[in-house]
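Take a look at the structure below.
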Amino acid sequence: MSDSPKHTGSHPELVIAIDIGTTYSGVSYTILRPGEVPDIGSVMEFSNQSLHQAKIPTVLCYDSNGKLLGVGPQTSDEALEDTDVDAEWKRLKYIKMHFRPSGTSIDLEMDDLPPDMSAEDVMADLMSYLYTETLKYIEEHHADGGIILGQVRDRIQFVFTHPNGWAGMPQQRYRKCAVLGGLLKNDEEARRRIRFVSEGEASALSCLSSKYAPSPLPFNYKFIVLDAGGGTLDVSGYRVVRSCPLELEEIAVPDSRFAGSIFVNEKAREIIEECVQDSKFDDGETVNNILQEFESKTKLSFDSASRKYSIKIPGVRETIKSLGIVNGCLKLPGERIEECFRFSIENAIESVSSVRDQVSDFSGDMPIWLVGGFGASPWLFKQLKEKLGPKGFPVCKPDSNQRVFVAKVVADGAIHFYIHKSVTTRLSPSSYGVRSSVPYRHYDEDHQRRKHLIKKHKKNGQYIGPTFSCIAKKNEKLSMGGGSSACGYFREVQTPLHADILSGLYAYEGEDPAPIWFDENRDKFRKLCDITADLRELCTPESRVVVDGVGLWELHYSIELTLGSTEIEARVKWEHEGETKYSEAKVVYV
680 MSDSPKHTGS HPELVIAIDI GTTYSGVSYT ILRPGEVPDI GSVMEFSNQS
730 LHQAKIPTVL CYDSNGKLLG VGPQTSDEAL EDTDVDAEWK RLKYIKMHFR
780 PSGTSIDLEM DDLPPDMSAE DVMADLMSYL YTETLKYIEE HHADGGIILG
830 QVRDRIQFVF THPNGWAGMP QQRYRKCAVL GGLLKNDEEA RRRIRFVSEG
880 EASALSCLSS KYAPSPLPFN YKFIVLDAGG GTLDVSGYRV VRSCPLELEE
930 IAVPDSRFAG SIFVNEKARE IIEECVQDSK FDDGETVNNI LQEFESKTKL
980 SFDSASRKYS IKIPGVRETI KSLGIVNGCL KLPGERIEEC FRFSIENAIE
1030 SVSSVRDQVS DFSGDMPIWL VGGFGASPWL FKQLKEKLGP KGFPVCKPDS
1080 NQRVFVAKVV ADGAIHFYIH KSVTTRLSPS SYGVRSSVPY RHYDEDHQRR
1130 KHLIKKHKKN GQYIGPTFSC IAKKNEKLSM GGGSSACGYF REVQTPLHAD
1180 ILSGLYAYEG EDPAPIWFDE NRDKFRKLCD ITADLRELCT PESRVVVDGV
1230 GLWELHYSIE LTLGSTEIEA RVKWEHEGET KYSEAKVVYV
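For the record, in the sequence shown the residue sitting at position 119 is 798 according to the numbering used here, with numbers rising by one throughout.
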């Protein structure tokens, strides 16, 4: 972005953006030097890479005892043959899918985790490798790299990317992995030095920083980004509020679907197994070899359903016409290969439509920028153009000589997110709120019908509940950094040692508007997280009271939540002698 500000700090800083994809991963970084405009670099070399690229396969290899043998390019047959490994070993892929939000199911065969290891342990190994390779690359490719690393190592800032809608528990688990992997010393450091951004938002920022975006960028310009990756299709829509410095706002709640390129592979596996069923090729190794050929060649070149395609069977030269095998190649009609893509294409179109339906002032064309590794598929591009173009969604993508840009679009965008913070307004994906009680109103028929819910307080009268106190409504615009306060709370404690809180934050997932009475609609509420805080600072002489001869501290406070960022943040707010005060609160996902 041409309006990048100079680094105003007095010391150099290092920001590392780690994009862990389902099939490929990459890292970008920036060294913030005092008085200089930041420049974004990418890690373009990894150990055991035969060709230097900005990404590595998201694959790990372990022996039968759970010992890590290699990551990424270290897991190729050639790399493993060059080692002294004698024990049995197994490759592990799709580790990212173990971190998907709870309650989401996918039709995907997952590899077993190594013995006595959790998904967090495996992800920690991956993060550790990427981090170590990044430090090595910086030291070797910058004249002062070693000096810079010595100065910043204990304050490196990290940005991790994740699919749209993966806020919350996946973020908390990523932080845990970063500590396990040695990127940070403890949970407190992880909370302070890790930021998150969705892959959709990162892709948008990366596109806007390149010649891919229109120039000059007009006010009110609306666009959709479709990040087609290995595991997910992430669709996000934005409007340009200001072009310099760039400000964007979401025009729809971002969507994410488990319909990336690995699901093309899974359907291809079904078809291959069907073709070679009950033959000498009907074994796991041969099917995997054919699938590898499909994935590395046929899937990338497929562009027509009206002709046949040849998939090489490694090590085979014979012809078996009954199986459709000619000169060692499995012949498949284009219609069968089209079947492999159908699920992903249907989901992409549905996802774009869901975003379109949320835009009330849509008129004219709204371009779709197709990015991501799967976005390079000519068939995906062709089908989206044919089906979405006539509906007012012209589809475009980087041209073929921008392969490097496509490979690092998300990681680069994560750096732009850290530097510019360009998305200033986001939409609430659900109605958020907390359980509370309200003063009983004897004249309110709703209250009268629920007298059994009344609770009496010796000093403050009658209360009724639990009710749902809505903090942010679904699709409400939330400004970045803006706070939304819950209703006021009070609590009595006999000793400051007990002056802590544990308050749940809930998302309402029924039809709008959100109801008032919590228990009557309990099945429509989903607990997102707990807000915890230490309120001992509120135990002042002014808050000391005596009730029925018992000395108490009566604590009045509000929980203030920041919902317009890429993750939920919280703090406690209270008044003391006419002054508004704040204290830290933690967001804990359970």
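Glycine residues also receive a C-beta, built at the ideal position from the N, C-alpha and C atoms.
Remember, predicted model here, so these are calculated numbers, not experimental data.
*Quick one, which of ILE774, GLU760, GLU880 and VAL831 has its alpha-carbon nearest ARG1105's?*
As a working note, residue 1105 is residue 426 in the sequence shown. For the residues ILE774, GLU760, GLU880 and VAL831, the minimum Cα distance to ARG1105 belongs to GLU880.
*Mapping DSSP to helix, strand and coil, what is ARG1201?*
For the purposes of this step, residue 1201 is identified with residue 522 of the sequence shown, where counting begins at 1. Three-state result, ARG1201: helix.
*asked:* If the criterion is Cβ atoms closer than 8 Å, does the pair VAL920 and GLU926 meet it?
replied: On the sequence shown, residue 920 is found 241 positions in, with the first residue counted as 1. On the sequence shown, residue 926 is found 247 positions in, with the first residue counted as 1. Yes.
*In three-state DSSP terms, what is LYS1135?*
Locating residue 1135 in the sequence shown gives position 456, where the first residue counts as 1. LYS1135 falls in the strand class under three-state DSSP.
_Three-state secondary structure (DSSP) of THR737_ = The residue given as residue 737 occupies position 58 in the sequence shown. If DSSP states are grouped into helix, strand and coil, THR737 belongs with coil.
*Leaving out five residues before and five after ARG936 in sequence, what residues of the same chain have Cβ atoms less than 6 Å from its Cβ?*
Translated into the one-based positions of the sequence shown, residue 936 becomes position 257. So the list reads LEU912, ASN1026 and SER1030, once near-sequence residues are dropped.
_Segment limits, beta strand (DSSP E) that includes GLU929_ = Position 250 of the sequence shown, counted from the first residue, corresponds to residue 929. Counting along the chain, the beta strand (DSSP E) containing GLU929 begins and ends at 925-929.
*asked:* Taking a contact to mean a Cβ-Cβ separation below 8 Å, would you say TYR773 touches ILE941 in this structure?
replied: Along the sequence shown, read from residue 1 onward, the residue named residue 773 stands at position 94. Along the sequence shown, read from residue 1 onward, the residue named residue 941 stands at position 262. It is a contact, given that the beta carbons lie within the stated cut-off.
*Contact between the stretch 866-875 and the stretch 834-853: three or more CB pairs below 8 Å?*
yes
*What are the partner residues of ASP698, as DSSP defines its beta bridges?*
To locate residue 698, count along the sequence shown from 1; it is residue 19. Its beta-bridge partners are GLY705.
*Go ahead and label LEU747 buried or exposed: buried means 16 or more other beta carbons lie within 10 angstroms of its beta carbon, across all protein chains shown.*
As a first step, residue 747 must be located in the sequence shown, where it is residue number 68. Flag for LEU747 reads buried.
*asked:* On the DSSP bridge list, what partners appear for ASP1255?
replied: Translated into positions along the sequence shown, residue 1255 becomes position 576. According to the sequence provided, residue 1255 is His. The question's Asp does not apply to it. According to DSSP, which records beta bridges pairwise, HIS1255 is partnered with GLU1258.
*Taking the alpha-carbon positions, what's the SER784 to LEU1214 distance?*
What you label residue 784 is simply residue 105 of the sequence shown in a count that begins at 1. What you label residue 1214 is simply residue 535 of the sequence shown in a count that begins at 1. C-alpha separation (whole angstroms): 40 Å.
*Per DSSP, which residues does GLN836 bridge with? Please list them.*
Mapped onto the sequence shown, residue 836 falls at position 157. Answer is VAL694.
_One question on the structure: do THR813 and ILE695 come within less than 8 Å of each other, judged by their Cβ atoms?_
The sequence position of residue 813 within the sequence shown is 134, counting from 1. The sequence position of residue 695 within the sequence shown is 16, counting from 1. Going by C-beta atoms, THR813 is nearer than 8 Å to ILE695.
*What residue from ASP1091, SER807 and SER1110 has the CA that sits closest to LEU859's CA?*
In the sequence shown, residue 859 corresponds to position 180, counting from 1. Answer by Cα proximity: SER807.
*Extent of the continuous alpha helix (DSSP H) to which ASP1058 belongs*: Reading the sequence shown from its first residue, position 379 is the one you call residue 1058. As written in the sequence, residue 1058 is Trp, which differs from the Asp given in the question. Its alpha helix (DSSP H) spans residues 1057-1067.
*Express the C-alpha separation of SER1244 and ILE1150 in angstroms, rounding to a whole number.*
Numbered from 1 along the sequence shown, position 471 holds the residue referred to as residue 1150. Numbered from 1 along the sequence shown, position 565 holds the residue referred to as residue 1244. Distance between the alpha carbons of ILE1150 and SER1244: 15 Å.
_Within 8 Å, do at least three Cβ pairs link the stretch 1084-1102 to the stretch 704-722?_
yes
*Tell me whether GLN1173 sits in a helix, a strand or coil according to DSSP, three-state version.*
For the purposes of this step, residue 1173 is taken as the residue at position 494 of the sequence shown. Note: GLN1173 maps to coil in three-state DSSP.
_Restricting to runs no shorter than 3 residues, where is the beta strand (DSSP E) found entirely within the stretch 904-982?_
912-922, 925-929 and 934-936
*asked:* Taking the beta carbon of ASP934 as the centre, do at least 16 other beta carbons fall within 10 Å, making it buried, or is it exposed?
replied: Taking the first residue of the sequence shown as 1, we reach residue 934 at position 255. Burial call: buried.
_Taking DSSP's pairing of strands, which residues face THR1211 in a bridge?_
The residue you call residue 1211 lines up with position 532 of the sequence shown. Answer is LEU1181 and LYS1265, bridged to THR1211.
*When DSSP labels each residue in this structure, what does PHE1147 get in the three-state scheme?*
Position 468 of the sequence shown holds residue 1147. Assignment of PHE1147 by DSSP, reduced to helix, strand and coil, places it in the strand class.
*Have a look at ALA1264 and LEU1240 and give me their C-alpha separation to the nearest angstrom.*
Your numbering for residue 1264 matches position 585 in the sequence shown. Your numbering for residue 1240 matches position 561 in the sequence shown. Cα to Cα, ALA1264 sits roughly 10 Å from LEU1240.
*What is the DSSP secondary structure of GLY782, reduced to helix, strand or coil?*
Taking the sequence shown and counting its residues from 1, one reaches residue 782 at position 103. In this structure, GLY782 counts as coil in the three-state DSSP scheme.
*Given 8 Å, three or more beta-carbon pairs between the stretch 1108-1126 and the stretch 1173-1185*: yes
*So what does ILE1238 bridge to, in DSSP terms?*
As a working note, residue 1238 is residue 559 in the sequence shown. In DSSP, ILE1238 forms a bridge with VAL1251.
*Can you tell which of VAL932, ARG918 and TYR988 has its C-alpha closest to the C-alpha of ALA947?*
To locate residue 947, count along the sequence shown from 1; it is residue 268. Considering only alpha carbons, the answer is TYR988.
*If we ignore side chains and look at the alpha-carbon of each, how far apart do HIS1255 and PRO780 end up?*
Indexing the sequence shown from 1 puts residue 1255 at position 576. Indexing the sequence shown from 1 puts residue 780 at position 101. The straight-line gap from Cα to Cα measures roughly 40 Å.
*Helix, strand or coil for ALA1186, going by three-state DSSP, please let me know.*
The count along the sequence shown starts at 1 and reaches residue 1186 at position 507. Strand.
_Please report the distance separating the alpha-carbon of ARG1170 from that of ALA798._
Residue 1170 sits at position 491 when you count from the first residue of the sequence shown. Residue 798 sits at position 119 when you count from the first residue of the sequence shown. If I take the Cα positions, the gap works out to 40 Å.
*Quick one: what's TRP1048 bridged to in DSSP?*
Within the sequence shown, residue 1048 is the residue found at index 369, counting from 1. According to the DSSP secondary-structure assignment, TRP1048 is paired through a beta bridge with VAL904 and CYS1075.
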